[in-house]
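Chemist: Residue numbers (our numbering), protein chains in the order written: chain A, 3 to 286; chain B, 3 to 654; chain C, 11 to 109; chain D, -5 to 507.
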Amino acid sequence: MGEAALFWIMAPIAVLGALGLVLSRKAVHGALSLAVTMISLALFYIAQEAAFLGVVQIVVYTGAIMMLFLFVIMLVGVDSSDSRVETIRNQRAAATLAVLGVIVLLTAVTVRATLPEEPAGLTQATPDGNVAAIADLIFGTYVWAFEVVAALLITAAVGAMTLTHRERIFNRPTQKELSIKRFSEGAPGDAAGLPVPGVYARHNAVDTPALLPDGTPSEASINRVLVARGAARSTEEFRHRPTPADIEAGATETRSSVEGEGRLASDADEPAAGDDDTTGGERA
Amino acid sequence: MTSTLSALATAVATEGGHGGGQAVAEATGVFDLTWLLIAFPLLGAAILLLGGRRTDKVGHLIGCGASIASFVMGVVLFAAMLGEPSDGRAFTSQLWEYVNAGGYTVDVSLLLDQLSISFVLLITGVGSLIHVYSIGYMEHDERRRRFFGYLNLFVAAMLLLVLAADYLVLFIGWEGVGLASYLLIGFWQHKNSAAVAAKKAFVVNRVGDMGMVLAMSSMVLVFGSTAFDVVFASAEGASTGWVTAIGLFLLLGACGKSAQFPLQSWLLDAMEGPTPVSALIHAATMVTAGVYLIVRSAAIYDLAPDARTAVVIVGAITLLMGAIIGCAKDDIKKALAGSTMSQIGYMTLAAGLGPAGYAFAIFHLLTHGFFKANMFLGAGSVMHGMHDEVNMRRYGGLRIAMPVTFITFAMGYLAIIGIPPFAGYFSKDKIIEAAFADNWITGLATLLGAGITAFYMTRLMLMTFFGNRRWKQSEPPHESPSVMTAPLWALAFLSVVGGFALLYFGAGIVDWLAPVTGEEHHELPMPLWLLITITLATVVAGVAVAWLMYGRRAVREDVPAGSPLTVAARNDLYGDAFNEAVFMRPGQYLTRSLVYFENRGVDGAVVGTATAFGGLSSRLRRLQTGFVRSYAVTMLGGVGVVVLAMLVVRLP
Amino acid sequence: MNPTNYLVLSVILFSIGAAGVLVRRNALVAFMSVELMLNAANLAFVTFARMHGNLDGQIVAFFVMVVAAAEVVVGLAIIVTIFRTRRSASVDDASLLKL
Amino acid sequence: MTFPWLTTLIALPALGAVLTALVPSGRGTLAKQVATGAALVTLVIGALISIQFLFDVDMGVEAETYEWIPEFGASWALDVNGISLALVALTVLATPIVALAMWHEAEDEKRDPKAFFALLLAVEALTLTAFLAQDVLLFYVVFEAMLIPLYFMIGMYGGPQRRYAAVKFLLYNLVGGLAMLAAVIGLYVQSIDAGDPSFFLPDLVALDIDTTTQWWLFLGFMLAFAIKAPLWPFHTWLPDAAAEATPANAAFLSGVADKVGTYGMIALVLPLFPDASRDAAPVIVVLAVVSIIYGALLAIGQTDMKRLIGYTSISHFGFIVLGIFALTGQAATGATFYMVNHGLSTIALFVVVGFLVSRRGSRQVDDFGGVQKPAPKLAGVFLFAGLSGLALPPLSTFLSEFLVISGTFLRYRPAAIVATLGIVLSALYILWLYQRTMTGPVRPAVEGMPDLRTREVAVVAPLIALLVVVGFFPKPLTDAIDEAVGPTLVEVGVEEPEPLAPVAEHVEEGTGR
């Protein structure tokens, strides 16, 4: 009964985890959902007299492989999140059809198959316990396959290194060269470097935009990763609201900066967190 | 069975067959050297054509020497033959085995009998004279050596033609003379007209060759052999239908080579060749090969009266066509060529009369060889003096400037129109007699032909040698050198005495040829003196009309409009126009439409299939979007199908 | 408990994974969906091993895990490389496999 | 164990091909010398083998059989009879001539000539194997393998459209080869059913196959051979290949390599499928006659000299096929003899046209005119090659054409009569070509055209000499062919037609007429 209880508790969790993977917009959420599924699978393994596999599942899969995924997500995908708009024509329909077909097919097979009502159990097959029996098989019957798989792993490791390795073709630019480049190519306003967050601001936290000398907050001062995550604070709340008197006073002298303000203002009209779709779209 | 047959054929050849009614003996002694006749000119041709510029200096001498050597050999053989009994003058000498395929055996062997020796003497004799004449005529041509090479090649091929003892070997000679004729008509290749004429001659001859090939194929089918002895010996056993077919096929071949209707069109164009060529090939020898073929195949024609009738009709039509064309031509060589056609028509007609006419056909062939060669060489002499002018309307009064040419030409003239006692009188009269003996229509055709002949030859004489001088050149035309006039004298002499001598010298040509051709006496429908008188009267009438038109009146230099018949005759009686309208134009159209059909139809179908597949592929290519996820869907679907298939097969 | 339930769960997880591969454009998510499918298969193997009293199913599952590890290593390396050059982790952008 | 003459004959050019390929690139002349040397040595061996058959001198040439794939009953089985000997002689003779003719042409292509010469020797080895093979699988393998070097020879060296021509050539022949493969397998299945799986030709000939099966197998083989020896309407690859390949290559292709097709018809199809061959003969005869006339008419309509010669080949192949399927000893001997003569004649024509093209840089008839004036020798050999093409006696082509026509006349009279039209048409296309290119006023573009050089004379002279000598003395060769053709026709089970009018009785009567 314990197993049934475990199954009926963990199976929905596993399914939910799997659905979370498919449905979450952000890869990092998906990865975490998948980890949940994997852990529940590990429990199932243990429940089905495969203690060794269950542990391996947790250690290797959840521990190593999923961590690898998370690293890569952090490397490449933090500021990307999927749009739900399907770009390939009929892909959704075809996929639905195919998946439904597979479900029907496999379920039909599973249900129709003449399987033993009660499992045979592995007591006989594992007299010395699960791990020893598996060891016997791996280093006995399947030793050849084991060696080949070992070779495959090594090859994969070397392959990954080869793939990700980047030969340095140019010298790393020195600070001086970067500076010259900034002056010669960039806008003169950016020549001195981007503003640092928190300067002249009410906070010196990294999510606070810097205030420019004219008092306008600078969006460029905030790390774009924070913006993408929606973790940055809105520039709008730091904007100095000019009174009518101020406008009268500086109507003529600050014409150019007003234009700049207008631009910033229109930017700021959008919600700071932004819609993932549009932001992601722009970034892409 | 076939092998026994061929063995039998060999047996026939060795024991003595029935070439034309007399026993054929294995050649011994001097007759075993018959092959030398061919070898001399062949060697000459090989030396001249392969020798290159080294033989330029002495080329003409080698050429003449080869021809004369062959003539001497011919005389020796003739003398030796005279020493044999009159029914034992046929000799065969086997040179080598040619082929043996599927039971069909051919030996390269030569048959020397009365008929072939007559031709040998004509070919080598007249040929040698023309060789000598050519030394002078071609003196200024830088390619004279090659000219003599071709002439020697011709003589060799012609001798092979008349000496062969098998139709296939005869055909080798037949095509050999065709090649020589092609090369010599087109000798001045830089002239487009010459090249076209040469090609035309060859192609038209090839139409005749179709007949030859089919005749030989029929012989293989009917007799299992093409050897003379086998074919002649077993001809009686064949059905009349097949014999007639063979006769008609042979006639087609003869028409091609002898320029008989309906394959006559090439001969007039062939006058593009140098004049000695016209004299030797297109007057004296090669064009008579068709007559030789018919006479040689006497055994076949004797059994096929329908085929003989066809021969007579062809001969009669050509006789009149040639004569009419000859009346209207202003080109001296073309007028003579029309005359040649007409005279060969006489021979063909005679040959078609059967045993009654074979001997006379050969008789006329020989005398014609003399006087027509004489006149062609005379014409060549005139052209030589007139700077290659051939238009008779630019001649006139040449008898004073070129007396030798005039006198010798006149001998030929009197011979051809049949004035006794010149050569043509004897031979042509015999044919007219035989024709009348056969039936009235052929007789009248020959008689009419004689009248027209008299007319156009007189016209030619008058326009060339009499009347006012119409040539423009400042210094008067000069007489040709003696190397050219000597042959003229010789031929003129033969034109004078040839007929009488051949008919009455010794036993006469009729008896001489009788063992080969057979003999048959005919009953005339009227007394002989009356016929001779009528013939002579017709000839005189023809001469008189010509004199009235061209002798009394001055010849105009421009071409008068003329009657519709004259215009038609000037256009070769529309033979070329007919060929062009019926064969060439539709042929060109057919060729063009076939090329179109090939490119669009046959090749188009192939290329179209390829294009269709290409189009289909580019459609299918669109399925390849490059999107991994599309592929994944396909893959998943495919996996599903595979699983399903496995289940369907495995599940109960 | 009837072990068929495990198999049905396996089918469901496999199908969800397949759907993920088909509909998600993010290479990483698609890749993780593939892992999910592998895991579903592993679950079936383990269940079969228990049903038949034969350890071979577990061995196969073990090998699947190892091979999956190798695959992940190479696959992620490829994704990183592509991202470096194209600044995108969308599988649809890598669509050069056509004319 | 006597000396393996036949294997040696094949091994020599194969070895030569390897050696030529091994010559370092950049040393073109050395490669040419090696290749020509190998071809000449092969010629010597071929001549020695020929002596045994032509002049009845025992050189110890005999059939050879070595195991190849014993599981399938396939073997390296070679034998030679009159038919194959004729074609072997043609092949070994043609190769050095083609090599010599290609001497400078391969260089014009700015390519390493080495590849062409190595491929040429490879084709020679494969062609020889095809002519000698007594094993159907072996025959099939070389039949197909031959396409590869030929494909590269056409595609790498030649005119601007050469790639198109090469692909067309390959696709056409592959289609035929596919049909043949199916038929070969079908034949093998028949031998399995008979209890003794074998590809050995005599074993297969001995099989008793029912007529329906014969028909299908016949179609498979015949399609391959009809494409190879282009028979209307499967011919359109040949004009393209002939026009675009280098002249020497076109000469080898249509002169030698395509003979494998006609050889297959007479040496494989007839004995293997006698019933089907007998039944299908009228159809094939009609196709052959269409080929003769169609090829000739299209040749007349061409403006490209090499295409023109390609179409003449189609016409001549029509004669060969006609002779084979007339099913009389005379026609079959004539057809086999025709294969040799057509080879010599076509090679001569292509090679001479090649000389012209390389001098003028154009294949168009209209670009020539009056060539005989500046280059009389060239014009002379051109005319000679042309005359051999129109089967003028006593050149050897004549006898073969006559034997085919008269042999066909024995059985299919209308076909033979129509085929004789080919005689007229051949004269027309050859002489018209000669007239337009060689005679008439000299065109400015051909003024000063150089006459034949020594190498070129050396290429043409042997061909001309052979055409003449074989023309005068064909008997040794035709006897050897006739000896081999007889048993083939017995295998087909046709009666030789008897003469309608037997000669015997009239000889005894003695009066003749």
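Glycine included, every Cβ here is placed at the ideal spot set by N, Cα and C. Computed from a predicted model, the values in this text were never measured in an experiment.
Taking a cut of 9 Å between CB atoms, which residues from the stretch 110 to 123 of chain A lie near chain C?
Modeler: Going along the stretch 110 to 123 of chain A in chain order, one finds 111, 112, 113, 115, 117, 118, 119, 120, 121, 122 and 123 with a Cβ nearer than 9 Å to chain C.
Chemist: Between the beta-carbon of residue 397(D) and the beta-carbon of residue 325(D), is there less than 9 Å?
Modeler: Cβ atoms of residue 397(D) and residue 325(D): closer than 9 Å.
Chemist: Do residue 423(B) and residue 538(B) have their beta-carbon atoms positioned less than 9 Å apart in this structure?
Modeler: No, the Cβ-Cβ distance between residue 538(B) and residue 423(B) is not below 9 Å.
Chemist: In the DSSP assignment, the beta strand (DSSP E) including residue 108(B) goes from what residue to what residue?
Modeler: Residues 106 to 114.
Chemist: Quick check: what's the CA-CA separation for residue 153(D) versus residue 146(D)?
Modeler: If you take the alpha carbons of residue 153(D) and residue 146(D), they lie about 13 Å apart.
Chemist: Figure out for me which residue from 333(B), 596(B) and 610(B) has the closest Cα to the Cα of residue 285(D).
Modeler: Per the Cα distances, 596(B).
Chemist: Quick check: the Cα distance between residue 481(B) and residue 392(B), rounded to an integer number of angstroms?
Modeler: So the two alpha carbons sit approximately 16 Å from each other.
Chemist: In the DSSP assignment, find the beta strand (DSSP E) that holds residue 101(B) and state where it starts and stops.
Modeler: Residue 101(B) -> beta strand (DSSP E) spans 92 to 103.
Chemist: Between residue 63(C) and residue 50(A), which are expected to be in contact by the criterion C-beta below 8 Å, what is the C-beta distance as a whole number of angstroms?
Modeler: So it is not a contact: roughly 12 Å between Cβ atoms.
Chemist: What does the alpha-carbon distance come out to for the pair residue 331(B) and residue 471(B)?
Modeler: So the two alpha carbons sit approximately 19 Å from each other.
Chemist: Measuring straight from C-alpha to C-alpha, what distance separates residue 87(A) and residue 28(A)?
Modeler: Going by the C-alpha atoms only, they are around 14 Å apart.
Chemist: Identify whether residue 557(B) lies in helix, strand or coil by the three-state DSSP scheme.
Modeler: Residue 557(B) falls in the coil class under three-state DSSP.
Chemist: Going by the DSSP bridge assignment, what does residue 213(A) pair with across the sheet?
Modeler: DSSP lists 219(A) as partners of residue 213(A).
Chemist: Does DSSP put residue 504(B) in a helix, a strand or coil?
Modeler: If DSSP states are grouped into helix, strand and coil, residue 504(B) belongs with the helices.
Chemist: Helix or strand or just coil, what does DSSP make of residue 152(B)?
Modeler: Three-state result, residue 152(B): helix.
Chemist: Hey, is the stretch 320 to 331 of chain B in contact with the stretch 564 to 576 of chain B, meaning 3+ C-beta pairs nearer than 8 Å?
Modeler: With the cut-off at 8 Å, the stretch 320 to 331 of chain B and the stretch 564 to 576 of chain B touch.
Chemist: Mapping the DSSP letters down to three states, classify residue 265(A) as helix, strand or coil.
Modeler: With a pLDDT of only 43 at residue 265(A), under the threshold of 50, the placement of this residue in the model should not be trusted; the figure read from the coordinates follows. DSSP places residue 265(A) in helix when its eight states are reduced to three.
Chemist: Going along chain C, which residues have a C-beta under 7 Å from residue 636(B)?
Modeler: In chain order: nothing, as chain C lies at least about 11 Å away.
Chemist: Three Cβ pairs or more, each shorter than 8 Å: is that satisfied between the stretch 157 to 170 of chain B and the stretch 78 to 92 of chain B?
Modeler: In short, these stretches do not touch, since the Cβ pair count stays below three.
Chemist: Is there contact here, the stretch 225 to 240 of chain D with the stretch 157 to 177 of chain D, by at least three beta-carbon pairs under 8 Å?
Modeler: Yes: at least three Cβ pairs fall under 8 Å.
Chemist: Do you know how far the Cα of residue 340(D) is from the Cα of residue 398(B)?
Modeler: Distance between the alpha carbons of residue 398(B) and residue 340(D) is about 54 Å.
Chemist: Have a look at 608(B), 274(B) and 250(B) and flag the residue whose alpha-carbon is nearest the alpha-carbon of residue 193(B).
Modeler: Per the Cα distances, 274(B).
Chemist: Could you tell me which residues DSSP puts in a beta bridge with residue 63(D)?
Modeler: DSSP output for residue 63(D) lists 68(D) as bridge partner(s).
Chemist: Give the single residue among 50(D), 445(D), 82(D) and 9(D) whose Cα lies nearest to the Cα of residue 337(D).
Modeler: Closest option to residue 337(D), Cα to Cα, is 82(D).
Chemist: Is the beta carbon of residue 399(D) closer than 9 Å to that of residue 77(D)?
Modeler: No; because the gap between Cβ atoms is not below 9 Å, this pair is not in contact.
Chemist: Quick one: grab the DSSP three-state call for residue 626(B).
Modeler: Reduced to three states, the DSSP call for residue 626(B) is coil.
Chemist: Would you please verify whether the beta carbon of residue 20(A) is less than 9 Å from any beta carbon of chain B?
Modeler: For residue 20(A), the answer is no, since every Cβ of chain B falls outside 9 Å of its Cβ.
Chemist: Could you check whether the Cβ of residue 32(A) sits closer than 9 Å to any Cβ belonging to chain B?
Modeler: Answer no: the Cβ-Cβ gap between residue 32(A) and chain B never drops below 9 Å.
Chemist: Since residue 343(B) contacts residue 363(B) with CB under 8 Å, what's their CB separation in whole angstroms?
Modeler: That belief does not hold up - the Cβ atoms of residue 343(B) and residue 363(B) are roughly 15 Å apart, past 8 Å.
Chemist: In chain order, what residues of the same chain have a beta carbon less than 6 Å from the beta carbon of residue 385(D), not counting five sequence neighbours either side?
Modeler: The residues are 391, 392 and 395.
Chemist: Report the three-state DSSP secondary structure of residue 544(B) (helix, strand or coil).
Modeler: It is helical.
Chemist: Pull up the CB-CB distance for residue 353(D) and residue 443(D), whole angstroms please, since I reckon it's below 8 Å.
Modeler: That pair is a contact at about 5 Å.
Chemist: Evaluate residue 502(D) with the Cβ neighbour count: other Cβ atoms within 10 Å of its Cβ, from every protein chain shown; 16 or more gives buried, anything less gives exposed.
Modeler: No answer about residue 502(D) holds up, because its pLDDT of 40 lies below 50 and its placement is not dependable.
Chemist: Counting contacts by CB-CB distance shorter than 9 Å, is residue 87(A) in contact with chain G?
Modeler: The chain labelled as chain G is not found among the protein chains of the depicted structure, namely A, B, C and D.
Chemist: Of the choices 215(B), 39(B) and 89(B), whose alpha-carbon is the least far from that of residue 154(B)?
Modeler: The shortest C-alpha separation from residue 154(B) is found at 39(B).
Chemist: Answer yes or no: does any C-beta atom of chain D fall closer than 9 Å to that of residue 320(B)?
Modeler: No, residue 320(B) does not count as interfacial toward chain D.
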